[in-house]
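>
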Amino acid sequence: GEERTVYGIYGISESNLAECEKGVKSVVALTPALQPIDGVAVSYIDAAVALGNTINEMDKYYTQENYKDDAFAKGKTLHQTFLKIWKPLNL
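FYI, the numbering for the sequence shown is 2 to 92, going by my numbering.
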């Protein structure tokens, strides 16, 4: 909490996230199924959407300068959430 400059993070387009999720899930619904790729694709897009939503929450937090009100407490929590979602994606 002693940072002099806070840059934050850039948000991700929610419509792009929704389009990607819809596209992956529509392909997975096709037959014949392609296991295990279909299962991996669904897990990946679910994690990517969760990561995008977390990034957007972080963007809002820093853009609104809410870190000034809580000494970065929520920022630290969001960072841990980000890392938890990122770890399985970091192939």
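Cβ atoms here follow ideal geometry from the backbone N, Cα and C, with glycine treated the same way. For clarity, every value in this text was computed on a predicted model and none was experimentally measured.
Determine, using beta-carbon pairs with one atom in the segment 80-89 and one in the segment 36-52, whether at least three such pairs fall under 8 Å.
Contact holds: three or more Cβ-Cβ distances are below 8 Å.
> Can you tell me the Cα-Cα spacing of L35 and V41, whole angstroms?
When rounded, the distance between both Cα atoms is 10 Å.
> On the three-pair Cβ rule with 8 Å, is the segment 12-22 touching the segment 53-64?
Contact between the segment 12-22 and the segment 53-64 is present, because at least three Cβ pairs lie under 8 Å.
> Just the Cα atoms here: how many angstroms apart are Y8 and C21?
Spanning the two alpha carbons is a distance of roughly 28 Å.
> Which of helix, strand or coil does DSSP assign to T78?
Looking at T78 - three-state DSSP - the assignment turns out to be helix.
> According to DSSP, is P33 helix, strand or coil?
Here P33 sits in coil by DSSP.
> Following the continuous alpha helix (DSSP H) through E58, name the residue where it begins and the one where it ends.
I38 to T64 is the extent of the alpha helix (DSSP H) around E58.
> Look at M59 and L79 and say whether their C-beta atoms are less than 8 Å apart.
Yes.
> Look at the alpha carbon of A74 and the alpha carbon of Q81, and state the distance between them as a whole number of angstroms.
Cα to Cα, A74 sits roughly 11 Å from Q81.
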